[in-house]
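Engineer: Have a look at the structure that comes next, please.
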Amino acid sequence: MKLSTLTLGGLALVISLTACDKAAKPAASTPAASAPAATPASAFRPIFNGKDLTGWYGLNPHSVVKLEGEKKAEALKKMRDEFATNWKVENGELVNDGHGPYATTEEEFGDIEFLIEYKTVAGADSGIYLRGTPQVQIWDKTQVFDPAKPTRRPHLGSGGLFNNTPDTPGRDPLVVADKPFGEWNSFRIRQIGARTWVWLNDQLVVDGNVMENYWDKAQPLPAKGPIMLQTHGGEIRWRNLKVREIGADEAKKILAGADAKK
């Protein structure tokens, strides 16, 4: 009996350690799909001119979502006025010091393919809001997993739909594709309706999963909204921001092809 009890106790310990290890380690790598066939460069148009902040303004939607009337109007004006304090253009790059309102496009977008490159520093994180909704996440993947915060998984890499419900498809990236600090990372993001594909450095990290409406989980993603670049504690640089609209016929074709693979 003594041997049997020890054996069962050891088995329980192994199971417990295995469960913790699973949370702390990246998921086993899956074959990474290559980025979609190259679209002619002429199909894309820049949304940042590389010279100044034309076409962009400052907004942190989290700070005004519950405000109304004059208080909201005052807060919105203040963020527009403060925008240039924390954002600048340098060497053709859109640069943020880690603070201030998010860089937000004056233009609103629906179904799009979006190209963008970024470079950040250790300890920082950021994200790309689509249709004004968070977010395609950017992490410092060298951060150590903290069991006290089990849904915060920077070690799994950037590109996931972080504000989706934890443990749902697309919430964490399929593979770790981040480049070392000091190197430029490139995103190719495709969104049709709420269906979202993300390639980071030509590796598929989100495969057509639904981006949830963070602002109201019971409602679908808005049909259109601005692109927003989040500020969150460390310098981040952006360049080569380009977009192309996806028409209805192309959207149907892409969705049909994606559904056929299921």
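Numbering-wise (our numbering), the sequence shown opens with residue 325 and increments by one.
Note that CB positions come from ideal geometry on N, CA and C, so glycine has one too.
On a predicted model such as this, the values are computed, not experimentally measured, just so you know.
Any contact of the segment 419-432 with the segment 506-514, i.e. 3+ C-beta pairs under 8 angstroms?
Structural biologist: no
Engineer: Run through DSSP, which three-state label would Ala427 get?
Structural biologist: strand
Engineer: Excluding the 5 residues preceding and the 5 following Glu430 in the sequence, name in chain order all residues of the same chain whose CB lies nearer than 6 angstroms to its CB.
Structural biologist: Gly379
Engineer: Measuring alpha carbon to alpha carbon, tell me which residue in Trp508, Lys585 and Asn564 is nearest Val445.
Structural biologist: Trp508
Engineer: Distance check for Ala572 and Ser366, CA to CA, integer angstroms please.
Structural biologist: Straight-line Cα distance between these residues: approximately 19 angstroms.
Engineer: So, with DSSP's three-state summary, where would you put Ser513?
Structural biologist: One point to set straight first is that residue 513 is Ile, not Ser, in the sequence displayed. Strand.
Engineer: With respect to the beta strand (DSSP E) encompassing Lys401, which residues constitute its N-terminal and C-terminal limits?
Structural biologist: Premise fails: Lys401 lies in the alpha helix (DSSP H), Gly393 to Asn410, not in any beta strand (DSSP E).
Engineer: What are the boundary residues of the alpha helix (DSSP H) that Glu574 is part of?
Structural biologist: Ala572 to Ala584
Engineer: Cβ atoms of Lys586 and Pro370: under 7 angstroms apart, would you say?
Structural biologist: no
Engineer: For Ala408, collect the residues of the same chain with a Cβ closer than 7 angstroms to its Cβ; drop the 5 residues on either side in sequence, then sort them by chain order.
Structural biologist: Correct list, in chain order: Leu377.
Engineer: When you compare each of Trp411, Phe438 and Val413 to Arg568 by their alpha carbons, which one comes out closest?
Structural biologist: Phe438
Engineer: Whole angstroms are fine: how far does the CA of Pro497 sit from the CA of Leu480?
Structural biologist: About 7 angstroms.
Engineer: Within the same chain, show all residues whose beta-carbon is closer than 6 angstroms to that of Asp583, passing over the 5 residues directly before and after it, in chain order.
Structural biologist: Cβ within range, chain order: n/a, list empty.
Engineer: Taking the alpha carbon of Gly434 as the point to measure from, which residue in His556, Lys548, Lys576 and Glu574 has its own alpha carbon closest?
Structural biologist: Lys548
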